[in-house]
Amino acid sequence: MNGRIKAFFAVAAIFLICSAAWASDEVPAFKRLDDMEKIVYGEVGTGGLIDRLNRVEKALFGRELPGTVAERQAALARFVEEGTDTQPSLLFKMSIAEWITEQVSMPVKPIVNRIGSLERKLEGQAMEDGPLAMRLERMLGLLVSEPVIWSSVAVPSGTVVRVSLLETISPSSVSVGDMVKGELTRDVVVGNVLVAPKGSVVEGTVSSVSKPRSFGRPAEVRFAFEELIPPSRQAVPLSVGEAANEAAKAEKAQIAAVGGSLAGAILLGPLGLAGGFLVRGDVKEIPAGSIFHMEVSESTSVLSYPVPEGLISLIEVPDDRLSKDIDLSDREVDNL
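Residue numbers (mature numbering (1 follows the signal peptide of the UniProt record, and there is no 0)): -23 to -1, 1 to 313.
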């Protein structure tokens, strides 16, 4: 057993021993377990609560945990999502392993698939069994010589993030309150500290919808991207402001200079509003892949990855050249 695997067992023991202190009755037991199953498997399991809890624990650790149901679920949440001051969460380590391997994270996929994909890329095939947490530690051991750590860094207000829409938005199918999801197209980095790799999720909300109407009255969709969710799961507030508008204008100008069409829907919101966008016109849909520029609305401290010297070359240098053009000539984009 190598040192990294021994360290894994030591860390796991800390989470299990301290699980009683993290237990909380604020989140219903079934809701908390549903969330863990979605993260690990991508879907909610079937059967009784105890059997489902046993399956998740065995998948992650190779055995069932001690303690009450509340204590065990609190320990799971701490290990998978939250981590401690000195020990990054499983999700954080997973994202860093993906970034080191391919410079992109895949947080929308379940852990079981992400670890299998990582094993295939590094070793040619995925393991059929073995605790998921241990398999991840083994992959990290192949990638870096030192354990993955995190430390807090302040992400300055005005930091621009470039977001690609994950799912098509159609005025005929969305409703007020629906979640809108995007993903980063570029890393968010402060100095040599990786805050959020390419692929990290950005979340927002549809605020109003007007369906296509008669007499040529246009359909309208209003929505806002509100938060960047980095690997630490500490949400970073977003808005549209001067920095975001300037970045979008610069990108459009560069595309025009080389004779390209508008790459994605680079939609501009008004200065001072919280990330709002209004799209109107003969809009059947806003396609997945449409591009938006946002900015961090207030300085936010986030647990992030201090990139070791040997990996500094992986830090992305911004490249405004876009690889895919989408013709939006029949669309009209207005400020709110």
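Note that CB positions come from ideal geometry on N, CA and C, so glycine has one too.
Collapsed DSSP secondary structure at residue i in the structure displayed
{"i": "LYS35", "result": "helix"}
{"i": "ARG40", "result": "coil"}
{"i": "GLY93", "result": "helix"}
{"i": "LYS175", "result": "coil"}
{"i": "ILE126", "result": "coil"}
{"i": "residue 335", "result": "The structure shown does not extend to residue 335, since the chain is modelled only from -23 to 313, so the question has no answer here."}
{"i": "SER290", "result": "helix"}
{"i": "VAL140", "result": "strand"}
{"i": "GLU20", "result": "coil"}
{"i": "VAL153", "result": "coil"}
{"i": "ALA265", "result": "coil"}
{"i": "GLU180", "result": "strand"}
Spatial distance of residue i from residue j (CA atoms)
{"i": "GLY218", "j": "ALA201", "result": "13 angstroms"}
{"i": "ASP311", "j": "SER66", "result": "A caution first: ASP311 carries a pLDDT of 39, below 50, which makes its placement in the model unreliable, though a value can still be read off. In a straight line, the C-alpha of ASP311 is about 41 angstroms away from that of SER66."}
{"i": "LEU119", "j": "ALA74", "result": "10 angstroms"}
{"i": "SER152", "j": "GLU180", "result": "16 angstroms"}
{"i": "ASN222", "j": "ARG97", "result": "41 angstroms"}
{"i": "THR78", "j": "ARG115", "result": "14 angstroms"}
{"i": "GLY101", "j": "ILE92", "result": "13 angstroms"}
{"i": "residue 315", "j": "ASP155", "result": "Any answer about residue 315 is impossible in this case: the structure gives the chain only from -23 up to 313."}
{"i": "GLU293", "j": "GLY60", "result": "26 angstroms"}
{"i": "ARG9", "j": "ILE146", "result": "29 angstroms"}
{"i": "ALA224", "j": "ASP62", "result": "35 angstroms"}
{"i": "residue 342", "j": "SER281", "result": "Only positions -23 to 313 of the chain appear in this structure, which leaves residue 342 out of reach."}
Selection from the options that minimises the alpha carbon distance to residue i
{"i": "GLU272", "options": "PHE69, VAL137, LEU288", "result": "VAL137"}
{"i": "SER134", "options": "VAL165, LYS70, LEU143, VAL46", "result": "VAL165"}
{"i": "HIS270", "options": "LYS15, GLU203, ILE292, ASN90", "result": "GLU203"}
{"i": "SER209", "options": "GLU96, SER150, PRO283", "result": "PRO283"}
{"i": "ALA196", "options": "SER149, ARG40, VAL172", "result": "SER149"}
{"i": "ALA227", "options": "ARG29, ARG139, GLN80", "result": "ARG139"}
{"i": "VAL81", "options": "ALA225, SER278, LEU161", "result": "LEU161"}
{"i": "ALA265", "options": "GLY159, VAL33, THR45, ARG40", "result": "GLY159"}
{"i": "VAL157", "options": "GLY168, VAL167, GLU144, MET13", "result": "GLU144"}
{"i": "PRO207", "options": "PRO214, VAL186, VAL172, ALA220", "result": "VAL172"}
Bounding residues of the alpha helix (DSSP H) (the contiguous stretch that carries residue i)
{"i": "PHE69", "result": "67 to 79"}
{"i": "ARG49", "result": "46 to 54"}
Cβ of residue i within 8 angstroms of any chain C Cβ
{"i": "SER122", "result": "Considering every chain present, this structure includes no chain C. It has just one protein chain."}
Start-to-end residues for the beta strand (DSSP E) that takes in residue i
{"i": "GLU118", "result": "It is Gly, not Glu, that sits at residue 118 in the sequence shown. It is not in any beta strand (DSSP E) - GLY118 instead sits in the alpha helix (DSSP H) that spans 109 to 120."}
{"i": "LYS158", "result": "156 to 161"}
{"i": "SER281", "result": "277 to 283"}
{"i": "GLU272", "result": "268 to 273"}
{"i": "ARG199", "result": "196 to 206"}
{"i": "PRO214", "result": "213 to 216"}
{"i": "VAL57", "result": "Per DSSP, VAL57 belongs to no beta strand (DSSP E) and is neither H nor E."}
Any non-hydrogen atom of the ligand ZN closer than 7 angstroms to residue i Cβ
{"i": "GLU59", "result": "Of the ligands one can find in the structure shown there are none, so the ligand ZN has no counterpart to examine."}
Please confirm if the region 56 to 72 is in contact with the region 102 to 117, defined as three or more CB-CB distances below 8 angstroms between the two stretches.
yes
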